[in-house]
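Peer 1: Residue numbers (the numbering used here): 676 to 1097.
We put the beta carbon where it would ideally sit given N, CA and C, even for glycine.
The structure displayed is predicted, hence computed values, not measured ones.
The following block contains the structure:
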């Protein structure tokens, strides 16, 4: 049945989309993983749909028990002995090796610890020092997350380099003989656009430059393939699609071929070749361990280790396939439920240019998102007017997606009417 404009009746559209969502959830090979997370029951009257995993992932059920054991037994009973008897000292490298297959890296190239900002600083300064004399230019994505730009400016002051901001699409063609390093985002945090990291990396290498890749919005949502594409350095947070929890430690990837010459600007005692020698001269550890600085936050790091158990046996290619299916379904539902022109798609529609989030431009985005959250659909917004919805394939269902789009149409109509009334 259609109305006078030729559009399907809302009730008929909703019934069809809900039925499709149910069929797709039944056939979803990843659906069983949802039970590994602490999430609301969407059938419960107060149950929320969580579409903000691109900011903070949901809690894996394995984490509370593991943390309780760490606190009560490893810290409470063993105390200092846990550095050796519980394997605390090796945790940064051990957890790094758990992240490695999720970003296409062989073991021994990722160390976990510190924040994303600190690791960007290590990587950019280390890359400039590795690039050699005559290379004093740092190319930075002009639309980068602000921290990346701040850190690049500080790294430039420290190394005598200059920062040159450019749109990601111009990066590959802008590399020159003075370029030391490109600081690039795999996925744009605001729009969800997936950039051509392999292409940019190849162009940089052809010109003799290095690349530092920010994986915060791609690791755990889509294949990254660092080793296959000859990556140099990469950093990422672990509290988004890796579900490590608020303030979970970040990680640093240093390709095997760069490790022996990696000169970290933060030479802490945990990165020393003989940390308990307590000598005044710094001698970097072998391998990626030289990326360590000081004593790590063990509680957060061990929580992350437990959280990563949800990835046991998971194929990242299947995760990517579901991510695209979820975002496609969301866009179809938004088109079906919302009147034309109420929102505008910011995220590229093409699969090869789309991450695992959908960004919609909406003039009253802050008000609309507040109403959505009040109705139990949790996303977020970015000023001045972008609604962001993150789709975490390990636990987001097609039923979640349908409800989110339907509720968006309902609250967007209310918000628009309220604006008109004012």
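Given 8 Å as the limit, is there contact between the stretch 913-931 and the stretch 841-854, that is, 3 or more CB pairs closer than that?
Peer 2: Counting Cβ pairs under 8 Å, fewer than three are found: no touch.
Peer 1: Taking the alpha-carbon positions, what's the residue 948 to residue 974 distance?
Peer 2: Distance between the alpha carbons of residue 948 and residue 974: 25 Å.
Peer 1: Would DSSP call residue 794 helix, strand or coil?
Peer 2: The answer is helix: DSSP assigns residue 794 an H, G or I state.
Peer 1: Apply the 10 Å Cβ neighbour rule to residue 677 and answer buried if 16 or more other Cβ atoms are within range, or exposed otherwise.
Peer 2: In this prediction, residue 677 scores a pLDDT of 42, lower than 50, which makes its location untrustworthy; the coordinate-derived value is nonetheless stated afterwards. It counts as exposed.
Peer 1: In chain order, what residues of the same chain have a beta carbon less than 8 Å from the beta carbon of residue 1074, not counting five sequence neighbours either side?
Peer 2: If we look at residue 1074 and ignore the five residues flanking it on each side, its Cβ neighbours are 693, 696, 697, 700, 717.
Peer 1: By DSSP's criteria, residue 911 is part of a beta bridge. Which residues make up the other side?
Peer 2: BP columns for residue 911 point to 926.
Peer 1: Closer than 6 Å to a non-hydrogen atom of the ligand HEM - does that hold for the CB of residue 833?
Peer 2: You won't find the ligand HEM in this model; it holds no ligand whatsoever.
Peer 1: For residue 709, tell me which candidate among 818, 1039, 918 has the shortest Cα-Cα distance.
Peer 2: Taking only the C-alpha atoms, the option nearest residue 709 is 918.
Peer 1: Taking the alpha carbon of residue 1066 as the reference point, which residue from 984, 768, 1058, 1080 has its own alpha carbon closest?
Peer 2: Cα-wise, what sits closest to residue 1066 is 1080.
Peer 1: May I have the straight-line CA-CA distance separating residue 979 from residue 1078, to the nearest angstrom?
Peer 2: Approximately 30 Å, taken between the alpha carbons.
Peer 1: How would you write the range of the alpha helix (DSSP H) that residue 1008 sits in, first residue to last?
Peer 2: Residues 991-1012.
Peer 1: Put residue 1063 into one of helix, strand or coil per three-state DSSP.
Peer 2: Residue state, collapsed to three classes: strand.
Peer 1: Within a Cβ cutoff of 7 Å, which residues of the same chain sit near residue 993, ignoring the five residues on either side of it in sequence?
Peer 2: Closer than 7 Å at the Cβ level, and outside the excluded window around residue 993, lie 704, 705.
Peer 1: Reducing DSSP to helix, strand and coil, say where residue 868 ends up.
Peer 2: In this structure, residue 868 counts as strand in the three-state DSSP scheme.
Peer 1: Taking residue 726 as the reference, give the member of 1076, 1086, 857 with the closest Cα.
Peer 2: For the residues 1076, 1086, 857, the minimum Cα distance to residue 726 belongs to 1076.
Peer 1: Could you pull out every residue in the same chain whose Cβ sits closer than 7 Å to the Cβ of residue 880, ignoring the five residues on either side in sequence?
Peer 2: Same-chain partners within the cutoff: 905.
Peer 1: Would the stretch 820-835 count as touching the stretch 941-956 if we require 3 or more Cβ pairs under 8 Å?
Peer 2: No: fewer than three Cβ pairs fall under 8 Å.
Peer 1: Can you check whether the CB of residue 765 is closer than 7 Å to the CB of residue 786?
Peer 2: Cβ atoms of residue 786 and residue 765: not closer than 7 Å.
Peer 1: In the DSSP assignment, find the beta strand (DSSP E) that holds residue 1055 and state where it starts and stops.
Peer 2: First-last of the beta strand (DSSP E) with residue 1055: 1055-1057.
Peer 1: Verify whether the separation of the beta carbon atoms of residue 1034 and residue 762 is less than 7 Å.
Peer 2: It is not a contact, given that the beta carbons lie outside the stated cut-off.
Peer 1: What three-state label does DSSP hand residue 784 in the structure shown?
Peer 2: Coil.
Peer 1: Can you tell me whether residue 1010 is buried or exposed? The criterion is at least 16 other CB atoms within 10 Å of its CB, across all chains shown.
Peer 2: Residue 1010 comes out exposed.
Peer 1: Rounded to the nearest angstrom, what separates residue 1071 and residue 1018 at their Cα positions?
Peer 2: One C-alpha to the other measures close to 23 Å.
Peer 1: Here's a check: name, in chain order, each residue in its chain whose Cβ is nearer than 8 Å to the Cβ of residue 735, leaving out the five neighbours to either side.
Peer 2: 711, 712, 713, 918, 981, 982, 984, 985, listed in sequence order.
Peer 1: Going by the DSSP bridge assignment, what does residue 858 pair with across the sheet?
Peer 2: Answer is 815, 887.
Peer 1: Short of 6 Å in beta carbon distance, which residues of its chain neighbour residue 690, apart from the five on each side in sequence? Order them along the chain.
Peer 2: Contacts found: none.
Peer 1: So what's residue 931 in DSSP terms, helix, strand or just coil?
Peer 2: In this structure, residue 931 counts as helix in the three-state DSSP scheme.
Peer 1: Going by Cα to Cα distance, which pick from 858, 933, 912, 990 is closest to residue 805?
Peer 2: The shortest Cα separation from residue 805 among 858, 933, 912, 990 belongs to 933.
Peer 1: Output the distance between the C-alpha atoms of residue 737 and residue 756, rounded to the nearest integer angstrom.
Peer 2: For residue 737 and residue 756, the distance between alpha carbons rounds to 24 Å.
Peer 1: Look up residue 1036 in the DSSP assignment and say whether it is helix, strand or coil.
Peer 2: Correct three-state label for residue 1036: strand.
Peer 1: Which residue marks the beginning of the alpha helix (DSSP H) containing residue 705, and which one marks its end?
Peer 2: Per DSSP, residue 705 belongs to no alpha helix (DSSP H) and is neither H nor E.
Peer 1: Note the first and the last residue of the continuous alpha helix (DSSP H) segment covering residue 770.
Peer 2: Counting along the chain, the alpha helix (DSSP H) containing residue 770 begins and ends at 766-774.
Peer 1: For residue 864, which residues from the same chain have a beta carbon less than 6 Å from its beta carbon, with the 5 sequence-adjacent residues on both sides left out?
Peer 2: The answer, listed in chain order, is 820, 892.
Peer 1: Between residue 813 and residue 882, what straight-line distance do the alpha-carbon atoms span, to the nearest angstrom?
Peer 2: Each residue's alpha carbon lies about 13 Å from the other.
Peer 1: Go ahead and pull the three-state DSSP assignment for residue 1073.
Peer 2: DSSP places residue 1073 in helix when its eight states are reduced to three.
Peer 1: Report the residue from 686, 687, 702 whose alpha carbon sits nearest the alpha carbon of residue 997.
Peer 2: Closest option to residue 997, Cα to Cα, is 702.
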